[in-house]
Amino acid sequence: MRDQKLFAAIATSMLALAGTAGSAHAAENGKFQIKVMATNVAVDGAITKVNRDQLGLPTGSDTRAKDAWVPTIAAEYFVSPRFSIETICCVTQHDVRGSGALNGAALVDNAEVIPATVTLKYHFPLEGGVKPYIGAGPAYFMVFGESVGSSARALGATKVGLSSEFGAALQAGVDIPLRDKAMGLSVDVKRYFVDTTARFHAGSQLVLETEHKLNPWVASAGVTWRF
Numbered sequence: 000m001r002d003q004k005l006f007a008a009i010a011t012s013m014l015a016l017a018g019t020a021g022s023a024h025a026a027e028n029g030k031f032q033i034k035v036m037a038t039n040v041a042v043d044g045a046i047t048k049v050n051r052d053q054l055g056l057p058t059g060s061d062t063r064a065k066d067a068w069v070p071t072i073a074a075e076y077f078v079s080p081r082f083s084i085e086t087i088c089c090v091t092q093h094d095v096r097g098s099g100a101l102n103g104a105a106l107v108d109n110a111e112v113i114p115a116t117v118t119l120k121y122h123f124p125l126e127g128g129v130k131p132y133i134g135a136g137p138a139y140f141m142v143f144g145e146s147v148g149s150s151a152r153a154l155g156a157t158k159v160g161l162s163s164e165f166g167a168a169l170q171a172g173v174d175i176p177l178r179d180k181a182m183g184l185s186v187d188v189k190r191y192f193v194d195t196t197a198r199f200h201a202g203s204q205l206v207l208e209t210e211h212k213l214n215p216w217v218a219s220a221g222v223t224w225r226f
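Take the sequence shown: its position 226, counting from 1, is numbered 225 in numbering that gives the first Met the number 0, and each next residue is one higher.
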């Protein structure tokens, strides 16, 4: 809730700046746009299915991935004034902790995720060069570097793997040019729909396999440069 209020405040401030935005001719002439943003990744991580359980999870066990703040770079190409294609570059790190009957249990540490994403965006040009937009596209979550948390290790797990998966992303945001410059401000929100499968091993034996809903909200705010 605190993060949502923060981004709401940022969005309000940027929309206020839009009132002072002047001519956007310099920005409109460019087909490429780069964004440098601060990004909050709020992941679900709930268990949707248990395929194998030799560790004896108690009834009501669930999981939650910890949120993360990361820097993000987005690269965008304008096919036309209203249509663009965008991709992002970032790496997020998440720990997975228990919830419900497993509340607070350290299950997975330091899972690194590259959310490879390409979206097709449609822009709504307004007076002064302000451009709200919506977008959608495919995503591939590459997961690596994860290690067994202390609680899972105490139950006998020696290795864990989280599967990399394809998914989809929906997107909405607004770009606000600064007066007489190709520079601007931007607020962007994405909702991803992607799952992962967690596999815990004790030696060479698979002792726990669970499917999880990630479905993160990804909210970003930062500066833009169009050329």
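Think of the CB as a built atom: it goes at the ideal place given N, C-alpha and C, for glycine as much as any other residue.
| request: Mind the definition here: the stretch 36-51 touches the stretch 138-149 only if three or more C-beta pairs lie below 8 Å; say whether that holds. | output: no
| For residue 85, three-class secondary structure by DSSP | strand
| said: Between residue 183 and residue 174, how many whole angstroms is the CB-CB distance? I'm expecting something under 8 Å. | reply: About 6 Å separates the two Cβ atoms, so the contact holds.
| Within this structure, are the beta carbons of residue 90 and residue 113 separated by less than 8 Å? | yes
| How is residue 104 classed by DSSP in three states: helix, strand or coil? | coil
| task | Please list, in chain order, all residues of the same chain as residue 189 whose beta carbon is under 6 Å from its beta carbon, the five residues on each side excluded. | result | 168, 170, 217
| Helix, strand or coil: which one does DSSP assign to residue 22? | Residue placement at residue 22 is flagged as unreliable, the pLDDT there being 41, under the threshold of 50; the coordinate-derived value follows with that caveat. In the structure shown, residue 22 sits in coil (DSSP, three-state: anything other than H, G, I, E or B).
| said: What does the alpha-carbon distance come out to for the pair residue 61 and residue 203? | reply: 25 Å
| Ranges of the alpha helix (DSSP H) found wholly within the stretch 130-215, counting only runs of at least 4 | 149-153
| message | Can you tell me where the beta strand (DSSP E) holding residue 61 begins and where it ends? | response | 60-64
| task | Quick one: grab the DSSP three-state call for residue 128. | result | helix
| Contact under 8 Å by Cβ, residue 223 with residue 32 | yes
| query | For residue 208 versus residue 198, is the C-beta distance shorter than 8 Å? | reply | yes
| Quick one: is residue 213 buried, meaning 16 or more other Cβ sit within 10 Å of its Cβ, or exposed? | buried
| Classification of residue 80 by the beta-carbon crowding that lies within 10 angstroms, buried from 16 upward | Here residue 80 is exposed, its C-beta having fewer than 16 other C-beta atoms within 10 Å.
| task | Tell me whether residue 114 sits in a helix, a strand or coil according to DSSP, three-state version. | result | strand
| task | Return the residue from the list 115, 116, 132 that minimises the CA-CA distance to residue 122. | result | With distances taken between Cα atoms, residue 122 lies closest to 132.
| If we ignore side chains and look at the alpha-carbon of each, how far apart do residue 220 and residue 185 end up? | Distance between the alpha carbons of residue 220 and residue 185: 6 Å.
| task | Consult DSSP for residue 92 and reduce its assignment to one of helix, strand or coil. | result | Of the three classes helix, strand and coil, the one that applies to residue 92 here is strand, per DSSP.
| field | DSSP three-state assignment for residue 226, whether helix, strand or coil | value | DSSP places residue 226 in coil when its eight states are reduced to three.
| field | Through-space distance from residue 176 to residue 34, alpha-carbon basis | value | 12 Å
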